[in-house]
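> One structure coming up, written as structure tokens, with questions to follow.
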Amino acid sequence: MSAHVPVLAVDGPGGSGKGTICRAVQQAMGWHLLDSGAIYRALAVAASRRGLDAKSGAELERLATNLDVTFLPSADGDTRVMVDGEDVTDELRQEQTGNLASQVAAVSAVRDALLQRQRDFRQPPGLVADGRDMGTVVFPDAEVKIFLTASPEERARRRHKQLKEQGVDGNLPDLLREIAERDERDRTRSVAPLVPAPDAERIDTTGLSIDAVVQRVMSLLQDRLLL
Ligand code: C5P
Numbered sequence: 048m049s050a051h052v053p054v055l056a057v058d059g060p061g062g063s064g065k066g067t068i069c070r071a072v073q074q075a076m077g078w079h080l081l082d083s084g085a086i087y088r089a090l091a092v093a094a095s096r097r098g099l100d101a102k103s104g105a106e107l108e109r110l111a112t113n114l115d116v117t118f119l120p121s122a123d124g125d126t127r128v129m130v131d132g133e134d135v136t137d138e139l140r141q142e143q144t145g146n147l148a149s150q151v152a153a154v155s156a157v158r159d160a161l162l163q164r165q166r167d168f169r170q171p172p173g174l175v176a177d178g179r180d181m182g183t184v185v186f187p188d189a190e191v192k193i194f195l196t197a198s199p200e201e202r203a204r205r206r207h208k209q210l211k212e213q214g215v216d217g218n219l220p221d222l223l224r225e226i227a228e229r230d231e232r233d234r235t236r237s238v239a240p241l242v243p244a245p246d247a248e249r250i251d252t253t254g255l256s257i258d259a260v261v262q263r264v265m266s267l268l269q270d271r272l273l274l
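Sequential numbering of the sequence shown, starting at 48, is according to the numbering used here.
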């Protein structure tokens, strides 16, 4: 029998701080990281290369099953994402990729096809899982579940700053609108909607520093794992 591997499941809408918090906790714990959004984004890139969209049902499902995506650690501590052997990291971060990802992610057969691939990230000594349905669907038995939120305005501001750091000029009102549209789609879809697991700890990160949120998550984790 394989040893039990603990999971920290972190869910929430885009811009709630999940990515930053997950990376910090993952490094502090020395655990693995699953960026499930990057898998949906990689699928979106592969789909658009093939001229597929969210209406392409069976072809999308096949693509999700056979998706050739790898995550490579890079020298600067970042992760490069390869799809079909091509580095698509920059394309992955674009708003249009996020939008297409959210459309293909609403297809039930696509989510089923990607389920085991995500569960395979659960490797010793532990996993930090970042997404929308980590605590509800992918790892319902996670030791600790967190649901992060922040006001739409704060999330748009964070996204704007992030884009600027990447040298991309984002327009704040457009970002706010796109965030609201994506939230609505993620929350109201019939499969694995963005909802907190009943046993998730909710943290509103509006106005909180990254350090304050990381400390809160670390202390929950330590209490639960009795470290
Ligand atoms: O988190 P990120 O913005 O990279 O995710 C892109 C999109 O992928 C989300 O808007 C969501 O629709 C989808 N997604 C999902 N389930 C996950 C992670 C992401 O449906 N676990």
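Heads up, the beta-carbon is just placed ideally off N, CA and C, and yes, glycines get one too.
Just how far apart, CA to CA, sit Ala189 and Val54?
Their Cα atoms are separated by approximately 5 Å.
> Closest to Val264 by C-alpha separation, out of Ala94, Val135, Thr136, Val191, would be which residue?
Taking only the C-alpha atoms, the option nearest Val264 is Val191.
> Could you say if the stretch 142-162 and the stretch 77-94 meet the contact criterion of at least three C-beta pairs nearer than 8 Å?
In short, these stretches touch, since the Cβ pair count reaches three.
> Reducing DSSP to helix, strand and coil, say where Thr126 ends up.
The answer is strand: DSSP assigns Thr126 an E or B state.
> So Gly173 and Trp78 are in contact, right, with Cβ under 8 Å, and what is the actual spacing, rounded?
With 8 Å as the limit, Gly173 and Trp78 qualify as a contact, their Cβ atoms being about 4 Å apart.
> Check the C-beta distance from Leu241 over to Pro120 and give it rounded, since I have them as a contact under 8 Å.
Contact flag wrong, Cβ pair sits at about 29 Å.
> Go ahead and label Val215 buried or exposed: buried means 16 or more other beta carbons lie within 10 angstroms of its beta carbon, across all protein chains shown.
Exposed.
> I'd like the span of the beta strand (DSSP E) that includes Leu119, first residue to last.
First-last of the beta strand (DSSP E) with Leu119: 116-120.
> Does the stretch 243-263 come close enough to the stretch 66-82 to have 3 or more Cβ pairs within less than 8 Å?
Touching, per the Cβ criterion.
> Pick from Leu273, Arg229, Leu255: whose alpha carbon is nearest that of Glu142?
Measuring from the Cα of Glu142, the nearest candidate turns out to be Arg229.
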